[in-house]
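Worksheet: one structure, shown below.
Protein chains: 2
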Amino acid sequence: MKQKVTLKQIAKELDVSISTVSKALKDSVEISLDTRQKVKAFAKLYNYKPNNIALSLKNRKTKTIGVIIPEIVHHFFTTVIGGVEKVANEKGYNVIICSSNNSFDKEVINMEMLASGSADGFILSVAKETQLKKDYHHIEETMNQGMPVVLFDRIIDEVVCDKVIIDDAKGAQTATNHLLSLGCKRIAILTTVDYISVGKLRTNGYLRALRAYEVPEREELILKIEDIDNCESEISDFLKDKDVDAIFAVNELFAVAAAKVLHEQGKNIPKDVAIIGFTDGILSKHFIPSLTTVSQHGEDMGVQAAKLLIDKLEGDDAAIEEYRTVIIDTSLVQRQSTKKTKG
Amino acid sequence: MKQKVTLKQIAKELDVSISTVSKALKDSVEISLDTRQKVKAFAKLYNYKPNNIALSLKNRKTKTIGVIIPEIVHHFFTTVIGGVEKVANEKGYNVIICSSNNSFDKEVINMEMLASGSADGFILSVAKETQLKKDYHHIEETMNQGMPVVLFDRIIDEVVCDKVIIDDAKGAQTATNHLLSLGCKRIAILTTVDYISVGKLRTNGYLRALRAYEVPEREELILKIEDIDNCESEISDFLKDKDVDAIFAVNELFAVAAAKVLHEQGKNIPKDVAIIGFTDGILSKHFIPSLTTVSQHGEDMGVQAAKLLIDKLEGDDAAIEEYRTVIIDTSLVQRQSTKKTKG
DNA sequence: ATGCCTTACGCAAACGTTTGCGTGTGGAAA
DNA sequence: TTTCCACACGCAAACGTTTGCGTAAGGCAT
Numbered sequence: 001m002k003q004k005v006t007l008k009q010i011a012k013e014l015d016v017s018i019s020t021v022s023k024a025l026k027d028s029v030e031i032s033l034d035t036r037q038k039v040k041a042f043a044k045l046y047n048y049k050p051n052n053i054a055l056s057l058k059n060r061k062t063k064t065i066g067v068i069i070p071e072i073v074h075h076f077f078t079t080v081i082g083g084v085e086k087v088a089n090e091k092g093y094n095v096i097i098c099s100s101n102n103s104f105d106k107e108v109i110n111m112e113m114l115a116s117g118s119a120d121g122f123i124l125s126v127a128k129e130t131q132l133k134k135d136y137h138h139i140e141e142t143m144n145q146g147m148p149v150v151l152f153d154r155i156i157d158e159v160v161c162d163k164v165i166i167d168d169a170k171g172a173q174t175a176t177n178h179l180l181s182l183g184c185k186r187i188a189i190l191t192t193v194d195y196i197s198v199g200k201l202r203t204n205g206y207l208r209a210l211r212a213y214e215v216p217e218r219e220e221l222i223l224k225i226e227d228i229d230n231c232e233s234e235i236s237d238f239l240k241d242k243d244v245d246a247i248f249a250v251n252e253l254f255a256v257a258a259a260k261v262l263h264e265q266g267k268n269i270p271k272d273v274a275i276i277g278f279t280d281g282i283l284s285k286h287f288i289p290s291l292t293t294v295s296q297h298g299e300d301m302g303v304q305a306a307k308l309l310i311d312k313l314e315g316d317d318a319a320i321e322e323y324r325t326v327i328i329d330t331s332l333v334q335r336q337s338t339k340k341t342k343g
Numbered sequence: 001m002k003q004k005v006t007l008k009q010i011a012k013e014l015d016v017s018i019s020t021v022s023k024a025l026k027d028s029v030e031i032s033l034d035t036r037q038k039v040k041a042f043a044k045l046y047n048y049k050p051n052n053i054a055l056s057l058k059n060r061k062t063k064t065i066g067v068i069i070p071e072i073v074h075h076f077f078t079t080v081i082g083g084v085e086k087v088a089n090e091k092g093y094n095v096i097i098c099s100s101n102n103s104f105d106k107e108v109i110n111m112e113m114l115a116s117g118s119a120d121g122f123i124l125s126v127a128k129e130t131q132l133k134k135d136y137h138h139i140e141e142t143m144n145q146g147m148p149v150v151l152f153d154r155i156i157d158e159v160v161c162d163k164v165i166i167d168d169a170k171g172a173q174t175a176t177n178h179l180l181s182l183g184c185k186r187i188a189i190l191t192t193v194d195y196i197s198v199g200k201l202r203t204n205g206y207l208r209a210l211r212a213y214e215v216p217e218r219e220e221l222i223l224k225i226e227d228i229d230n231c232e233s234e235i236s237d238f239l240k241d242k243d244v245d246a247i248f249a250v251n252e253l254f255a256v257a258a259a260k261v262l263h264e265q266g267k268n269i270p271k272d273v274a275i276i277g278f279t280d281g282i283l284s285k286h287f288i289p290s291l292t293t294v295s296q297h298g299e300d301m302g303v304q305a306a307k308l309l310i311d312k313l314e315g316d317d318a319a320i321e322e323y324r325t326v327i328i329d330t331s332l333v334q335r336q337s338t339k340k341t342k343g
């Protein structure tokens, strides 16, 4: 088992100094052509690769982006990561991914760990607990130490930094509008508890659409789901003897759960009840009937976030003080769950 | 914007040497109690955190595990990552994730990048292209440089290292047995092209089950799908005027696609045709009808893989020469798609 | 007063790089 | 023969740690 070869070893073998080897590999004119060729041949033979750690220490940068997301087993977040990776790799950056598991503590630990030398900057979607706790000191501290942070999806208004979001309210409004334009009058919304920023925003968009259409908003058509793991029974109870003709769900799981409940109740989708979800994942695509949904373009978000971060990392000082918020357009992906029934 | 504080800065402020600070923070008896307290107070005040990069360089290890998977937007792989993360974090390891995007070149690049200082060892599921190309030099080289590699799921028989797999053939056999025990006679299989190891193994298990039941295997009931993105139409053609009473699919997507095709053809699941898939993902769980499936216990695989790797990383030299293969038990998750119809 | 031991600290090397600058050697010009 | 200039290379510092060992100061015993 041959260990990794270093400059020092090459230098020793060739009986030259370390600096000569280093310069030779970089084709420095300081070094004679002859020596250069010898060194390079040797380096290739022994498969020399510069040690990233040493380079990081010397350059005081790691060429690594830290991504912290609330859940790793989550379609939307993985699409975002896909986008980040794409841009990062193009620009020679590595990506480290950590999940906070929606735990505040784990978010802090991961961030501190990566901040102490492992990453140059962060792309972050905050944990539920963090949103609830409203404690952002770890983010502020990281930024204070000169490491840029880009927030996406679940952002924090109070923290001043680059952000990538979708216009949640607008997306929800568009979706609701679509239901209204189909002639639906009794549109229920399945949403989250208020401290989840995106849930609240989407609810607002729903309400805005109703008002614009002068459809009375009715408290009893709003369900704020607490326990996401148990949403199906909550939805079942909620829908029981409620005469709705459409459902807008603020995420994919709620939409699917609603569809299942309706199916059990013998209702037809879209004839009896139309459904629109949020987040264009595989569930919406493959469900029968396939579900109309508001696409968040996760990969795009990742791409934009990575670009913002790398701009900050490589930008001149002028740009550093300026923070941008990129708003990704949502789009309504129309599928069977809102197909107009003929006649 | 205060930069990260280093030992040197603390030393300067307190007018002591760097080594004194370092030792004081480690509560060395070499340092007087008085100095120790002073240093620690100062360190806490300035939120000192040792620089991981410097430590990595000094210790010649990074406490980081590199995970390379074929796809990041993939439920099964993310569950595996979840398992890896769990164990890794418990043991103080970081996890770097890279996706090869099923490209051989990207797999090599990622591996070399991480191997040159960023990770101490690898957990890897090889890209399709790599399996097709049968070029494993990057894996061998990495191991030759003293970095342990654990292969999972899509493994390579020719490479000698730790492995975590499921018994694909057995899982498939169990699934097929279940269909047979339900009284199904004309069981089709939707599988992949042969060079995908898991596809082939699962097909073998299917055939084995048929033989054990003395059901004739019929070539025309085997569909090897080439273009996974277009599987629905392939399946549709395949199923057209074929009188099958059960379908075994070697992955989740094929199972769902089959279910959709059957639905379009007006067939009832499970009454007309029973379906079993492979991989217990969200699609199988939420589909109507919910799909019976062979669970691979992805998180378990991740846990085991991480344990194997960390054992190698921290084990004494005796253990290093010995390679283990952990076989994770599959289990059949019975759902509606194979419910026995009464009578 | 001298010697010795303990206490409390600093020095320096090491991990693997990069790079500005200093320097020895050779040849050519005067 | 002396002087000068390239050329080709080496030295050393720096990045932030850790740690074995050396050492100054002080106290105590003789």
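Same order as they appear, the protein sequences are chains A and B.
The first sequence runs 1 to 343 under the working numbering.
The second sequence runs 1 to 343 under the working numbering.
The beta-carbon is built from N, C-alpha and C at its ideal position, and this holds for glycine as well.
Cβ of B:N251 within 8 angstroms of any chain A Cβ | B:N251 is outside the set of residues whose beta carbon lies under 8 angstroms from a beta carbon in chain A.
Less than 8 angstroms between the CB atoms is what I'm expecting for B:A43 and B:L57, so what's the real figure, rounded?
-> With a Cβ gap of about 21 angstroms, B:A43 and B:L57 do not count as contacting.
Does any residue of chain A bring its CB to less than 8 angstroms from the CB of B:V294?
-> Answer no: the Cβ-Cβ gap between B:V294 and chain A never drops below 8 angstroms.
Per DSSP, A:S331 forms a beta bridge with which residues?
-> BP columns for A:S331 point to A:S295.
Examine the Cβ distances between the segment 238 to 257 of chain A and the segment 187 to 206 of chain A and report whether three or more of them are shorter than 8 angstroms.
-> Yes: at least three Cβ pairs fall under 8 angstroms.
Extent of the continuous alpha helix (DSSP H) run through A:A88 | Counting along the chain, the alpha helix (DSSP H) containing A:A88 begins and ends at 75 to 90.
Residues in the segment 232 to 266 of chain A with C-beta within 7 angstroms of chain B's C-beta atoms, listed in sequence order?
-> Close to chain B, meaning a Cβ-Cβ distance shorter than 7 angstroms, are the following residues of the segment 232 to 266 of chain A: V256, K260, H263.
Are B:H138 and B:V108 touching if we call contact CB-CB under 8 angstroms?
-> At the C-beta level, B:H138 and B:V108 come within 8 angstroms of one another.
Listed by chain order, chain A residues near B:E112 by CB distance under 9 angstroms = Listed by position along chain A, the residues whose Cβ is nearer than 9 angstroms to that of B:E112 are K49.
Three-state secondary structure (DSSP) of B:K340 = In the three-state DSSP reduction, B:K340 falls in the coil class, being neither helix nor strand.
Are A:C231 and A:L253 touching if we call contact CB-CB under 8 angstroms?
-> Yes; because the gap between Cβ atoms is below 8 angstroms, this pair is in contact.
Is the Cβ of A:A54 closer than 8 angstroms to any Cβ of chain B?
-> A Cβ of chain B is located within less than 8 angstroms of the beta carbon of A:A54.
Under 8 angstroms between C-beta atoms of A:A209 and A:Q173 | Yes; because the gap between Cβ atoms is below 8 angstroms, this pair is in contact.
Using a C-beta cutoff of 8 angstroms, does A:Q145 count as contacting chain B?
-> Yes, A:Q145 counts as interfacial toward chain B.
Could you pull out every residue in the same chain whose Cβ sits closer than 7 angstroms to the Cβ of B:K342, ignoring the five residues on either side in sequence?
-> Here B:K342 scores only 49 on pLDDT, less than 50, and its place in the model should not be relied on; the value that follows carries that caveat. Hits under 7 angstroms: none found.
Same chain, Cβ closer than 7 angstroms to A:E158, neighbours up to 5 away in sequence not counted | Here the set comprises Y136.
C-alpha gap between B:D280 and B:G298, whole angstroms | The alpha-carbon atoms of B:D280 and B:G298 are separated by roughly 9 angstroms.
Would A:G65 count as contacting chain B if we go by Cβ distances under 8 angstroms?
-> The sequence given here has Ile at residue 65 of chain A, not Gly. Not one beta carbon of chain B lies nearer than 8 angstroms to the beta carbon of A:I65.
Ranges of the alpha helix (DSSP H) found wholly within the segment 12 to 61 of chain A, counting only runs of at least 4 | Runs of the alpha helix (DSSP H) inside the segment 12 to 61 of chain A: 18 to 25, 33 to 45, 52 to 59.
Would you please state the rounded distance, in angstroms, between the beta carbons of A:E214 and A:L207? I believe it to be under 8 angstroms.
-> Contact annotation, A:E214 with A:L207: C-beta distance approximately 13 angstroms; criterion of less than 8 angstroms not satisfied.
Neighbour list for A:N94 in chain B, Cβ cutoff strictly below 8 angstroms | Those are I96, C98, M113, L114, S118, listed as they occur along chain B.
Between the beta-carbon of B:V198 and the beta-carbon of B:D153, is there less than 8 angstroms?
-> Yes; because the gap between Cβ atoms is below 8 angstroms, this pair is in contact.
Contact the segment 7 to 20 of chain B vs the segment 326 to 333 of chain A: 3+ CB pairs below 8 angstroms = Because the criterion of three Cβ pairs below 8 angstroms is not met, the segment 7 to 20 of chain B and the segment 326 to 333 of chain A do not touch.
Residue environment, A:T20, which counts as buried when at least 16 other CB atoms sit within 10 Å | Counting of Cβ neighbours within 10 angstroms places A:T20 among the buried residues, the total reaching 16 or more.
Residue range of the unbroken beta strand (DSSP E) whose run includes B:I187 | Run containing B:I187: 187 to 192, per the beta strand (DSSP E) assignment.
From the beta carbon of B:G82, is the nearest beta carbon of chain A less than 8 angstroms away?
-> Yes, contact with chain A.
Could you tell me the boundaries of the alpha helix (DSSP H) in which B:D237 lies?
-> Here the alpha helix (DSSP H) through B:D237 covers 231 to 239.
Cβ of B:L283 within 8 angstroms of any chain A Cβ | Closer than 8 angstroms to some Cβ of chain A, the Cβ of B:L283 qualifies, so yes.
Examine chain B for any beta-carbon lying closer than 8 angstroms to the beta-carbon of A:E85, and answer yes or no.
-> Judged by the 8 angstroms Cβ criterion, A:E85 is in contact with chain B.
Buried or exposed: where does B:R211 fall if 16 or more other Cβ atoms within 10 Å of its Cβ makes it buried?
-> With fewer than 16 Cβ atoms within 10 Å of its Cβ, B:R211 is classed as exposed.
Straight-line gap, A:F122 to A:E112 (C-alpha atoms, nearest Å) | CA-to-CA, the gap between A:F122 and A:E112 works out to about 11 angstroms.
B:G66 bridges to which residues according to DSSP?
-> BP columns for B:G66 point to B:I96, B:F122.
Are the segment 32 to 46 of chain B and the segment 77 to 94 of chain B in contact at 8 angstroms, needing three or more beta carbon pairs?
-> Pairwise C-beta distances place the segment 32 to 46 of chain B out of contact with the segment 77 to 94 of chain B, as fewer than three of them are shorter than 8 angstroms.
Residue environment, A:G183, which counts as buried when at least 16 other CB atoms sit within 10 Å | Exposed.
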